[in-house]
Amino acid sequence: MTDLKLELKEKIIEQLNLEDVSVAEIGDKDPLFGEGLGLDSIDALELIVMLDKDYGIKLADPKEGKQIFESVETMAAYITSKKTE
Amino acid sequence: MKKRVYINSVGSVSAQKTFENDAFLTEITTHNDTTMSVINPNYKDYIPPAAARRMAKGIKMSTVSSKTALEEAGLDNVDAIIVGTGLGCIGDSEKFISAIIDNKEQFLTPTRFIQSSHNTVSGQIALGIGCKGYNYTYVNGATSFESCLIDAMIQLQLEEAQNVLVGGVDELVAHHVDTHRLIDHIKKTPVESTQLLASKTEGCVMAEGAQFFVLSNEKQASTYGELLAVGTYNSLEKAQLTGTVSKFLAENQLSVDAIDLVILGYNGDVTFDSYYDLLANELFSNTAQAYSKHLSGEYDTASSFAFWLASKVMRTNSLPEVVHLNKVAVPTPKTILLYNQYRGEYHSLVLLRQC
């Protein structure tokens, strides 16, 4: 799980071109949208594609996204739960 | 009566340190390569990090250049934004298309697509300053920038606009360079920029850059000069060139003797520089001559760098030795003619005057 969280942070930085953000600056529970990293709707689309491409997880219900992409921790928990299904 | 068209401000990001608008080629960077990249300003000084992270290099260069021009003109907004580009944000176009191929048409994300269109630059500038006016992008090879000048001139002369932001931008990216190497449009061996015209080899030194200008039909303290006329010609045989230039001057009630300085688009390609030789050795043999592509490199909108150079010459009343091509002195650069072409096509003539 810790490795997955680190991996997700690295992917988020690379995929979303967060040049000025380091892995250490993203807390596991920091909000990704709004006050935290300040991501927006285009970033949400990028994250949905990342889940599909890198982890083979298709987000069937877009409403789930709000909860899944709340933080790195919720993303990692969702990926882990899908892998064990 | 038609209104006059004034160049009220300039902004440039080029292979020279031109983003500092107060200086005029006081510090020359010598390149020794087959391509030239721009000298990057600190983009964070001009663009918020959240916005910059999705910007292609062409957009970043244009944002800095346009902000510089707007600031000098003392404007927060303009009536129209007109951008010329040969290839738009080709870097993101390449990445977007590569992703389609690599991922077998799956997993396509929006960011690269948004950035990949040619009119992204003019759109991003408009979004940045909140301009809801005329927004247009010309993609006409090496006359893209001149097409913008023609459009802006018409709008200003007819008073459909009072202030127009006009610019030319192109970026240098790997795949584009590779393909142009394959077809020998880029030099095979590095050339030191000061020796560009002595290289006598085929191809050019390919580069990138963004020059923006505020054109207005009202003169102000920051005015550099007046834009008198622009002519573009998709194709011209060498035998037609001097006649075409003479006719262009005559249409503007000028003779060859009235030109104080001619800026020629020499790019060091031995095959096509002969067009410039025709003007340099015949029509303008007794006229002061200058060139600029040893400083800027070649790209579809490199003529906007020559336009920047001419503007600075008019403002400072001086011609830097580094761009002076012959020994004819320029006591007063009152009337300036710019001539450019690329590989024997996309010819343009631009006439400027001090005011």
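Which chain is which? The protein sequence lines are L and Y, in order. Just remember that our numbering sits 300 ahead of the position in the first sequence, which is counted from 1. Just remember that our numbering sits 20 ahead of the position in the second sequence, which is counted from 1. Yeah, the Cβ is synthetic: ideal placement off N, Cα and C, and Gly gets one too.
- Residue pairing from DSSP places ASP190 (chain Y) in a beta bridge opposite Y:GLY229.
- Here PHE333 (chain L) carries a strand assignment [DSSP, helix/strand/coil].
- Taking VAL372 (chain L) as reference, the option from L:SER341, L:LEU351, L:ASN317 and L:ASP320 with the minimal CA-CA separation is L:LEU351.
- Taking 4 residues as the shortest admissible run, the region 266-318 of chain Y contains the following complete alpha helix (DSSP H) segments, listed from N- to C-terminal end: 294-298 and 313-316.
- What GLY356 (chain L) touches in chain Y, judged by beta-carbon distance under 8 Å, is nothing: the nearest beta carbon there is about 11 Å away.
- Remark: C-beta atoms of VAL350 (chain Y) and LEU358 (chain Y) do not approach each other more closely than 8 Å.
- If you ignore the 5 residues before and after LEU329 (chain Y), its C-beta comes within less than 6 Å of the C-beta of SER312, all in its own chain and listed in chain order.
- PRO130 (chain Y) belongs to the set of residues whose beta carbon lies under 8 Å from a beta carbon in chain L.
- When the beta-carbon positions are compared, ALA172 (chain Y) and VAL159 (chain Y) stay at least 8 Å from each other.
- Taking 8 Å as the threshold, the shortest C-beta distance from PRO61 (chain Y) to chain L does not fall below it.
- With 16 or more other Cβ atoms from the protein chains shown falling within 10 Å of its own Cβ, GLU318 (chain Y) counts as buried.
- Contact annotation: ALA310 (chain Y) and LEU274 (chain Y) have beta-carbon atoms that are not nearer than 8 Å.
- Note on geometry: alpha-carbon atoms of ILE101 (chain Y) and LEU345 (chain L) lie some 30 Å from one another.
- Taking 8 Å as the upper bound for CB-CB distance, SER324 (chain Y) and PHE165 (chain Y) are in contact here, some 4 Å apart.
- Annotation: VAL193 (chain Y) to ALA230 (chain Y) spans about 15 Å, alpha carbon to alpha carbon.
- VAL323 (chain L) and GLU310 (chain L) do touch by the CB rule: their CB atoms are close to 6 Å apart, below 8 Å.
- Using a Cβ-Cβ cut-off of 8 Å, ARG373 (chain Y) does not count as an interface residue toward chain L, since no Cβ of chain L sits closer than that to its own.
- For the region 63-75 of chain Y, the beta-carbon criterion of a distance under 7 Å to any beta-carbon of chain L is satisfied by PRO69, ALA70, ARG73 and ARG74.
- Nearest CB-CB separation between PHE127 (chain Y) and chain L: below the 8 Å threshold.
- When Y:TYR154, Y:LYS207, Y:SER82 and Y:LEU248 are compared, the shortest CA-CA separation from LEU369 (chain Y) is found for Y:LEU248.
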